[in-house]
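> Have a look at this one.
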Amino acid sequence: MSATASAPRATAAPRAHSRRPSIAGIYVWELRKLRAQKRTYLGLGSAVVIPVIFVVSLMLQSGDVNDVPFGRYVRQTGLAIPPVLLLFSSIWLLPLIVSLVAGDIVANEDGNGTLKTILTRSVDRQQIWLAKMLAAFTYAVLALVLFAGVGLLLGGLRYGFHPLTSLSGTRIGAGRALALMGASLLAYLIPLCALAAIALLLSTVTRNSAAAVVGALMASLIMQLLGVISGLGFLKPYLLSTQFDAWQGLLREPADWAPIVRSAWVSACYGIPALLIGLTNFVRRDVTGG
Amino acid sequence: MSAVVHPIEARGLVKRYDHITAVDHVDLTVEAGTVYGYLGPNGAGKTTSLRMLLGLIRPDEGSARLFGRDPIEEGAAALEGVAGFVEAPRFYPYLSARRNLELMATLDGGDAGDRIDDALATVDLTEREDDKVKGYSHGMRQRLGIAAALLRDPRLLLLDEPTTGLDPAGMRDMRQLVRRLAADGITVMLSSHLMTEVEELCDRLAIVRSGRVIYEGGLTELLRSTGQRYRLRTTDDRRAAEVLAHQGGVGEVEQGEDGLSFAADEGIVAELSIALVESGVGLTALVPAAASLEDLFFELTEDAAEPSPSGSGSVGRTRPEARSSGGAAALGEQVRS
């Protein structure tokens, strides 16, 4: 350590109130932190690799994918690939990818002791937590766009961007189908963000990354399970897992908005309390880690 | 709360974990410009106290104010001009030192980013600024912790065991840095279990044991509290002991291989020296037997009985003029009373 270098000057007099950092600035740093962590690429890598495997398997095999909507069209147009991928991935893949980051983003800092480091700076706890929430949501968006985008790109390159047959049996031109695909992704994002909110809550409350990631995934899988038990059919419209199919309403003619609307409020019922509880816990908790 | 706004003012801080009281009615006042030692054995509640001061954990009772502002009530605004770390400073291991400081500067706002170069230079990390922190030694991380604190241009630094884990050269450098920062006008609160560190750096100190402050005051006053005891070496110790026995105001006479020791006021000692000479006893040494901080610390933290709950109110006002065979023991007695 330099004994001769001068320390930044400290004055005894109170300073003028310095400019406080914004949530936007903290959010950008949360993204930079994500960018520097391997875990981030594990999830995003899966979001890229799975569509590649799917398209390659379509190329290598000759059978149809008849048991899911749009399955029979996957070799007719690349536009049918993303919807099929979304149907398969909602069970565990995308919930897992999203939970990997949302379940880790608070607990990891707690475990590493960096939470105490950032909470002794000039930012309020709610700013930190909201920035983390935005970063987790951003990651969910990125993973979803990559997942659908890679499937669309490879499917289009292999099978072309021909018109898509809607769930009502009508033909939709490629341009409109792409726009509907974008809207479908937005609809898919609603329950995905609710799931991210649950993972974020678990990350905050459990202070344990593994518990939060597994917990959020288990919550998703349990809801999937509840949805297939015939005796519990009355629950199905209110399960978060059911809302992952709501986007299909946009690929009917005319569009069926009812499932989208239900998805919005059901997802809000899961997501908003999770966010509020998580934020409250984070603001009031004792930071003892590290 | 007094009208004067102190860098740190804590009143009646209590923190309980289940049935364990980690911090037990702690009162602290750290005045501007001082280097304040917070001394106690491991597990005494030092780090918990610091966490409460920084608003990281909520006290179950009492309050803490930094420059008159409560971090629990006012959040980050109360940390204006305050910096430091509790336990080991922690950083993002996958980011370089500079990137870590850039992040901290973003979280500090204002012109903190302009101080990164100076802060790195101050702690001698400029050449390693682009290395990821995961490759840093413990000492380098400690230094980076200081650099991160300096970004805030602090008026108050809270440092928790800053030299723990450092090699002797690192400890020396860290102490020099703390001394220099204090000379620059920064008030420093230094938590430590190292007596030599506190003795070397601090003007005032609090000694804590089992979550309680058992002494708060000036370091010099504490050390002087045993200055009423003297060591005496003469040409005839046997005769000197007889003189001591007949001298009023002298007590607790002990004779050892290295001469005599006794307790007395300064005025009595002057009279005694004359009496010894008049008795034909030659003096070879008559010196105050001041205990080291280490002696006092162990007496206070190990020998003294557990203070009663009602004693906490007077803890911070324990007077150093206690006199007995051990000043610290007397302090402990006052705590108990």
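First to last, the protein sequences are chains A and B.
If you count by this note's numbering, then the first sequence holds residues 1 to 290, one letter each, in order.
If you count by this note's numbering, then the second sequence holds residues 291 to 627, one letter each, in order.
Cβ coordinates follow ideal geometry from the N, Cα and C atoms, glycine included.
Small disclaimer: the values here were computed from a predicted structure and weren't measured.
#1: Is there a Cβ from chain A that is less than 7 Å from the Cβ of Gly570(B)?
#2: Name the residue from Ala194(A), Gly149(A), Tyr270(A) and Ala140(A) whose alpha carbon lies nearest to the alpha carbon of Ala179(A).
#3: Using a C-beta to C-beta distance shorter than 9 Å, which residues of chain B count as neighbours of Ile118(A)?
#4: Applying a beta-carbon distance threshold of less than 9 Å, which residues of chain A neighbour Ile347(B)?
#5: State yes or no: is the beta carbon of Pro82(A) nearer than 7 Å to at least one beta carbon in chain B?
#6: Between the stretch 237-260 of chain A and chain B, which residues of the former have a C-beta closer than 9 Å to a C-beta of the latter?
#7: Just list the residues that DSSP pairs Phe552(B) with in beta bridges.
#8: Can you tell me which of the three DSSP states Asp315(B) falls into?
#9: By the 10 Å Cβ neighbour count, where 16 or more other Cβ atoms means buried, how is His315(B) classified, buried or exposed?
#10: Am I right that Met479(B) and Tyr326(B) are in contact with their C-beta atoms under 8 Å? What's the rounded C-beta distance?
#11: Looking only at C-alpha atoms, which of Glu351(B), Phe375(B) and Leu346(B) sits nearest to Glu364(B)?
#12: Quick check: the stretch 84-98 of chain A against the stretch 54-74 of chain A, are at least 3 beta-carbon pairs closer than 8 Å?
#13: In terms of residue numbering, what span does the beta strand (DSSP E) encompassing Pro578(B) cover?
#14: Taking Cβ positions only, does Gly365(B) come closer than 7 Å to chain A?
#15: Does the beta carbon of Ala36(A) sit closer than 7 Å to a beta carbon anywhere in chain B?
#16: Are three or more beta carbon pairs between the stretch 375-384 of chain B and the stretch 464-471 of chain B nearer than 8 Å?
#17: Run through DSSP, which three-state label would Gln545(B) get?
#18: For Ile53(A), which three-state DSSP category applies?
#19: Which whole-angstrom value describes the C-beta separation of Ala143(A) and Ala102(A), a residue pair presumed to lie in contact below a C-beta threshold of 8 Å?
#20: Can you pull the chain B residues whose beta carbon is under 7 Å from the beta carbon of Gly113(A), in chain order?
#21: Are the CB atoms of Gly151(A) and Ile81(A) nearer to each other than 7 Å?
#22: Cutting at 7 Å between CB atoms, please list the residues of its own chain near Pro273(A), excluding the five before and the five after it.
#23: So, using beta-carbon positions, are Leu58(A) and Ala177(A) closer together than 7 Å?
#24: In the DSSP assignment, what are the bridge partners of Ala373(B)?
#25: Once you ignore the five residues that flank Ser99(A) on each side, which residues in its own chain have a CB closer than 6 Å to its CB?
#26: Please name the residue or residues paired with Gly327(B) in a DSSP beta bridge.
Working from what's here:
#1: Cβ-Cβ to chain A under 7 Å: no for Gly570(B).
#2: Put simply, of Ala194(A), Gly149(A), Tyr270(A) and Ala140(A) the residue whose alpha carbon is nearest the alpha carbon of Ala179(A) is Gly149(A).
#3: Within chain B, the residues near Ile118(A) are Leu393, Met394 and Leu397.
#4: In chain order: Arg285, Asp286, Val287 and Thr288.
#5: Not one chain B Cβ lies under 7 Å of Pro82(A).
#6: With the criterion set as a beta carbon lying under 9 Å from some beta carbon of chain B, the stretch 237-260 of chain A has no members that meet it.
#7: Residue pairing by DSSP places Phe552(B) opposite Tyr520(B) in a beta bridge.
#8: Position check: residue 315(B) holds His in this sequence, whereas Asp was assumed. Secondary structure of His315(B) (DSSP, three-state): strand.
#9: Flag for His315(B) reads buried.
#10: 5 Å between Cβ atoms; contact.
#11: For Glu364(B), the nearest C-alpha among the options comes from Leu346(B).
#12: Under the Cβ criterion (8 Å, minimum of three pairs), the stretch 54-74 of chain A counts as touching the stretch 84-98 of chain A.
#13: Run containing Pro578(B): Leu573 to Pro578, per the beta strand (DSSP E) assignment.
#14: At least one CB of chain A lies nearer than 7 Å to the CB of Gly365(B).
#15: For Ala36(A), the nearest beta carbon of chain B is closer than 7 Å to its own beta carbon.
#16: Using a C-beta cut-off of 8 Å, the stretch 375-384 of chain B makes no contact with the stretch 464-471 of chain B, since fewer than three inter-stretch Cβ pairs fall below that distance.
#17: Residue state, collapsed to three classes: strand.
#18: If DSSP states are grouped into helix, strand and coil, Ile53(A) belongs with the helices.
#19: The Cβ separation is near 11 Å, so there is no contact.
#20: Chain-ordered, the chain B residues with CB closer than 7 Å to the CB of Gly113(A) read Arg380.
#21: Against a cut-off of 7 Å, the Cβ pair of Ile81(A) and Gly151(A) comes out as a contact.
#22: Correct list: empty, nothing qualifies.
#23: Result no, Cβ atoms of Leu58(A) and Ala177(A) do not sit closer than 7 Å.
#24: Residue pairing of Ala373(B) in beta bridges, as defined by DSSP: Leu447(B).
#25: Cβ within range, chain order: Ala199, Val213, Ala216 and Leu217.
#26: Note: Gly327(B) sits in a beta bridge opposite Leu480(B) and Leu495(B).
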